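Protein chains in written order, with our numbering: chain A, 6 to 344; chain B, 6 to 344. Have a look at the structure below before the remarks.
Number of protein chains: 2
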Amino acid sequence: MFRHLADGLISMATIHDLQTPALLLDPQALDANIAAMALALPGERLRPHVKAHKCTAIAARQRAAGHSRFCCATIREMEGMAAAGLGEDLLLANEVLDASRLGALDARVTVAVDSEETINAAVRGGVGEVLIDVNVGLPRCGCPPARAGALADAARRKGLGVRGVMGYEGHAVGVAARAEREQACSESMALLMKAHAEVGGELISAGGTGTYDCNTWASEIQAGSYVLMDTAYAALALPFAQAFWVLATVISLGDGFAVADCGLKALGMDHGNPTIEGARIWFCSDEHITFAPEKPVAIGDHIRVLPAHVDPTVAYHESFHLVAGDQVIDTWPVDLRGW
Amino acid sequence: MFRHLADGLISMATIHDLQTPALLLDPQALDANIAAMALALPGERLRPHVKAHKCTAIAARQRAAGHSRFCCATIREMEGMAAAGLGEDLLLANEVLDASRLGALDARVTVAVDSEETINAAVRGGVGEVLIDVNVGLPRCGCPPARAGALADAARRKGLGVRGVMGYEGHAVGVAARAEREQACSESMALLMKAHAEVGGELISAGGTGTYDCNTWASEIQAGSYVLMDTAYAALALPFAQAFWVLATVISLGDGFAVADCGLKALGMDHGNPTIEGARIWFCSDEHITFAPEKPVAIGDHIRVLPAHVDPTVAYHESFHLVAGDQVIDTWPVDLRGW
Numbered sequence: 006m007f008r009h010l011a012d013g014l015i016s017m018a019t020i021h022d023l024q025t026p027a028l029l030l031d032p033q034a035l036d037a038n039i040a041a042m043a044l045a046l047p048g049e050r051l052r053p054h055v056k057a058h059k060c061t062a063i064a065a066r067q068r069a070a071g072h073s074r075f076c077c078a079t080i081r082e083m084e085g086m087a088a089a090g091l092g093e094d095l096l097l098a099n100e101v102l103d104a105s106r107l108g109a110l111d112a113r114v115t116v117a118v119d120s121e122e123t124i125n126a127a128v129r130g131g132v133g134e135v136l137i138d139v140n141v142g143l144p145r146c147g148c149p150p151a152r153a154g155a156l157a158d159a160a161r162r163k164g165l166g167v168r169g170v171m172g173y174e175g176h177a178v179g180v181a182a183r184a185e186r187e188q189a190c191s192e193s194m195a196l197l198m199k200a201h202a203e204v205g206g207e208l209i210s211a212g213g214t215g216t217y218d219c220n221t222w223a224s225e226i227q228a229g230s231y232v233l234m235d236t237a238y239a240a241l242a243l244p245f246a247q248a249f250w251v252l253a254t255v256i257s258l259g260d261g262f263a264v265a266d267c268g269l270k271a272l273g274m275d276h277g278n279p280t281i282e283g284a285r286i287w288f289c290s291d292e293h294i295t296f297a298p299e300k301p302v303a304i305g306d307h308i309r310v311l312p313a314h315v316d317p318t319v320a321y322h323e324s325f326h327l328v329a330g331d332q333v334i335d336t337w338p339v340d341l342r343g344w
Numbered sequence: 006m007f008r009h010l011a012d013g014l015i016s017m018a019t020i021h022d023l024q025t026p027a028l029l030l031d032p033q034a035l036d037a038n039i040a041a042m043a044l045a046l047p048g049e050r051l052r053p054h055v056k057a058h059k060c061t062a063i064a065a066r067q068r069a070a071g072h073s074r075f076c077c078a079t080i081r082e083m084e085g086m087a088a089a090g091l092g093e094d095l096l097l098a099n100e101v102l103d104a105s106r107l108g109a110l111d112a113r114v115t116v117a118v119d120s121e122e123t124i125n126a127a128v129r130g131g132v133g134e135v136l137i138d139v140n141v142g143l144p145r146c147g148c149p150p151a152r153a154g155a156l157a158d159a160a161r162r163k164g165l166g167v168r169g170v171m172g173y174e175g176h177a178v179g180v181a182a183r184a185e186r187e188q189a190c191s192e193s194m195a196l197l198m199k200a201h202a203e204v205g206g207e208l209i210s211a212g213g214t215g216t217y218d219c220n221t222w223a224s225e226i227q228a229g230s231y232v233l234m235d236t237a238y239a240a241l242a243l244p245f246a247q248a249f250w251v252l253a254t255v256i257s258l259g260d261g262f263a264v265a266d267c268g269l270k271a272l273g274m275d276h277g278n279p280t281i282e283g284a285r286i287w288f289c290s291d292e293h294i295t296f297a298p299e300k301p302v303a304i305g306d307h308i309r310v311l312p313a314h315v316d317p318t319v320a321y322h323e324s325f326h327l328v329a330g331d332q333v334i335d336t337w338p339v340d341l342r343g344w
């Protein structure tokens with residue numbers, strides 16, 4: 006990234022040229038995370054979930070690491086992936102009642118179904134393939150395991166290809182104690198395997214960043230957060246490094262506190278406050294974070310704010326700025342936002 | 006809003022044509038809120054804050070109600086308001102270290118300053134007018150009251166016009182008990198008036214939706230949330246009605262719960278879970294809300310999700326859909342997002 010100077014010269018842009026708050030990405034950490042996961046779960050053993058990064062440039066990096074099948078949470082994500090030429094095998098791991106935009110895609114499209122209504126929506130929308138979504142313990146989408154076989158039969162009768170089952174152990178992926186996490190995962194997958202025995206098909210799709218190495222039942226793992234990480238996942242001691250943060254500028258100093266320009270509209274807050282190394286967070290407002298730094302900071306200083314939850318943080322931002330030290334070497338749009 | 010049918014006819018669009026989650030706006034409630042506030046604080050007594058709605062079409066409605074001066078929280082909001090022809094008198098009620106984009110605007114621009122550094126930034130950026138931002142009890146931006154006079158002198162020495170003071174009693178606006186809210190506001194404004202005596206200028210800018218009728222010291226009130234409201238402000242029993250909500254579709258039913266497609270990426274979560282009338286919220290995930298409805302709901306039903314905090318909710322969405330019953334009568338872009 007270059008900026009044009011008044012005299013016609015160009016110079017490399019730095020983080021000091023960015024309008025804050027700005028999402029920064031460490032491409033070395035990103036590539037290391039992608040490589041570590043591709044080693045553990047090569048090729049089709051991983052179906053990277055794009056919902057965490059919402060960025061086709063990052064997805065292309067995952068594709069280059071050998072993963073050709075992707076997972077999405079929204080129709081907009083499916084459309085963006087197809088438009089970016091990453092539509093070899095796209096799974097919408099979510100239920101929809103209007104699948105017409107999916108049916109119109111130039112891509113291999115599979116959609117999760119857990120009811121007669123969602124099966125009918127797939128047929129109406131012109132989607133040819135489905136996974137039977139099974140509730141494996143998280144009270145969210147998914148049919149009861151005992152109903153999966155009947156739903157698969159119904160889908161096949163209506164001309165849909167049933168590629169297998171999906172069941173997300175979302176109540177397990179964030180459990181801090183590894184033994185308990187493994188136990189919760191194991192119990193969930195017992196339910197999913199039972200459903201799969203009734204449904205058939207080549208795919209058993211499950212898992213996430215927190216269970217990527219203990220979910221040995223699934224044929225493919227739907228991990229997404231591992232590429233960027235956040236402070237919640239960092240607590241699990243996984244072999245993935247924090248690869249992104251929000252750059253903020255110190256704009257004001259008070260008595261025992263400082264204020265930077267990164268607030269509620271730049272951070273997912275459902276997992277609580279973000280973290281600033283060497284500082285205690287007091288509170289966040291719409292466009293501010295008030296914090297007590299251990300060492301003095303000055304007005305104009307740039308600081309790193311580490312979000313507690315990657316997904317809803319990224320969804321607020323228009324782009325990732327790739328940095329090497331203070332140099333901004335590229336900018337990638339967060340091009341899969343919205344619905 | 007019309008949609009084109011296959012046979013060439015057009016029909017009025019309804020909420021059932023929208024991709025959910027979608028931000029809906031009740032224009033009657035919006036206009037009633039704007040009218041009620043304009044009656045209480047006519048013309049320049051109100052400086053509407055655009056940060057809650059981030060929508061120039063709503064700002065134009067506030068302008069039509071007699072308010073020609075506006076308040077912004079970000080540079081992008083200032084740019085968007087100027088571009089929309091609403092730049093008669095724009096205040097950036099926030100500190101910036103690079104004011105060059107502000108100096109380039111075709112608008113009357115005033116910026117808040119609370120330090121030598123932010124005064125210098127205004128000068129460097131070509132901004133001609135400032136307000137001295139005073140800390141009146143909320144540990145965020147603002148200089149100590151005793152320093153306001155010296156900062157005003159410094160600003161004037163550097164050629165800036167000092168229009169007065171600003172001091173946001175953000176710790177008071179959300180206090181539920183009215184007497185305590187008034188007391189906190191009164192104490193804050195005593196500090197601000199003291200600072201104003203040293204600073205001079207015609208503007209004493211303060212307040213918010215929660216103190217719009219008890220802050221009788223400020224020359225202008227910076228209220229924004231009143232146009233849309235949220236469940237947190239609803240608890241204060243103010244004469245403003247909820248004018249927006251997130252439309253969601255029930256996509257799955259479980260044993261004692263239902264799931265709709267409105268999650269963490271469609272809701273500001275810092276004030277806690279949203280509300281669904283006639284239902285108990287269990288939890289929100291990235292793209293889902295799990296809730297226990299009192300009366301049965303069906304897959305495909307549309308429900309209203311009422312956010313707890315308006316500002317970070319709106320910032321996730323691309324547009325407001327204006328509705329009359331189930332009819333979608335217009336769509337307004339949320340065109341002031343980002344920084």
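The C-beta atom is built at its ideal place from N, Cα and C for all residues, glycine as well. As the structure is a prediction and not an experimental result, all values here were calculated from the model.
- Only those residues of the region 73-107 of chain A whose C-beta falls short of 9 angstroms from the nearest C-beta of chain B are listed: A78, T79, I80, R81, N99, E100, V101, L102, D103, R106.
- Close partners of P150 of chain A in chain B (Cβ separation under 8 angstroms) are lacking, with about 12 angstroms as the shortest Cβ gap.
- If you ignore the 5 residues before and after G213 of chain A, its C-beta comes within less than 8 angstroms of the C-beta of H54, Y173, E174, G175, V178, I226, Q227, A228, G229, S230, all in its own chain and listed in chain order.
- Fewer than three pairs of CB atoms, one per stretch, sit closer than 8 angstroms, so the region 201-212 of chain B makes no contact with the region 20-39 of chain B.
- Counting along the chain, the unbroken alpha helix (DSSP H) around Q67 of chain A starts and ends at 61-69.
- Using beta-carbon distances, Y231 of chain B does not count as an interface residue toward chain A, since no partner is under 8 angstroms.
- Judged by DSSP in its simplified three-state form, E84 of chain A adopts helix.
- Taking a Cβ-Cβ threshold of 7 angstroms, the residues of chain A close to C289 of chain B are D275, in chain order.
- As DSSP reads the structure, R161 of chain B sits in no beta bridge.
- Distance from the CA of A57 of chain A to the CA of P150 of chain B, rounded to the nearest whole angstrom, comes to 44 angstroms.
- Here the alpha carbon of L208 of chain A sits roughly 29 angstroms from the alpha carbon of G261 of chain B.
- Per DSSP, reduced to three states, the secondary structure at L96 of chain A is strand.
- The continuous alpha helix (DSSP H) containing V128 of chain A extends over residues 121-130.
- Around the C-beta of P47 of chain A, fewer than 16 other C-beta atoms lie within 10 Å, and the residue is accordingly described as exposed.
- In terms of CA proximity to L311 of chain B, B:H276 leads the group B:D335, B:A211, B:H276.
- Judged by DSSP in its simplified three-state form, M171 of chain B adopts strand.
- For Q332 of chain A, the three-state secondary structure derived from DSSP is strand.
- For F262 of chain B, the chain A residues whose C-beta falls within less than 7 angstroms of its own C-beta are P144, listed in chain order.
- A direct Cα-to-Cα measurement between V339 of chain B and R161 of chain A gives close to 43 angstroms.
- Contact between L269 of chain B and D138 of chain A does not hold, since their C-beta atoms are separated by about 20 angstroms, which reaches or exceeds 8 angstroms.
- In the DSSP assignment, S257 of chain B falls within the beta strand (DSSP E) that extends over 249-258.
- As summarised for the region 180-230 of chain B, the continuous beta strand (DSSP E) elements at least 3 residues long and confined to that stretch are 208-211, given in chain order.
- Beta-bridge partners assigned by DSSP to R342 of chain A: none are found.
- Contact between the region 183-201 of chain B and the region 78-98 of chain B is not established, with fewer than three Cβ pairs separated by less than 8 angstroms.
- Remark: fewer than three beta-carbon pairs, one from each stretch, lie closer than 8 angstroms, so the region 235-247 of chain A and the region 119-136 of chain B are not flagged as touching.
- Sorting B:H326, B:V118, B:D94, B:G215 by C-alpha distance to the C-alpha of A104 of chain B places B:V118 at the top.
- Between I20 of chain A and H307 of chain A, the C-beta gap is smaller than 8 angstroms, which places the two residues in contact.
- DSSP, reduced to helix, strand and coil, places V315 of chain B within a helical segment of the structure shown.
- The Cβ atoms of M42 of chain A and A64 of chain A do not sit closer than 8 angstroms to each other.
- Distance check between G90 of chain B and each of B:A109, B:V101, B:R68, B:L51 places B:R68 closest, using alpha-carbon atoms only.
- Straight-line spacing of the CA atoms in T280 of chain B and L272 of chain A works out to 21 angstroms.
- Taking the CA atoms as reference points, A109 of chain A sits about 8 angstroms from G131 of chain A.
- S257 of chain B sits close to I304 of chain B, with the two beta carbons spaced by under 8 angstroms.
- Beta-bridge analysis with DSSP links W337 of chain B to B:F325.
- Here the C-alpha atom of C219 of chain A lies approximately 57 angstroms from the C-alpha atom of R52 of chain B.
- Put simply, the CB of Y321 of chain A is near chain B, with a gap under 8 angstroms to one of its CB atoms.
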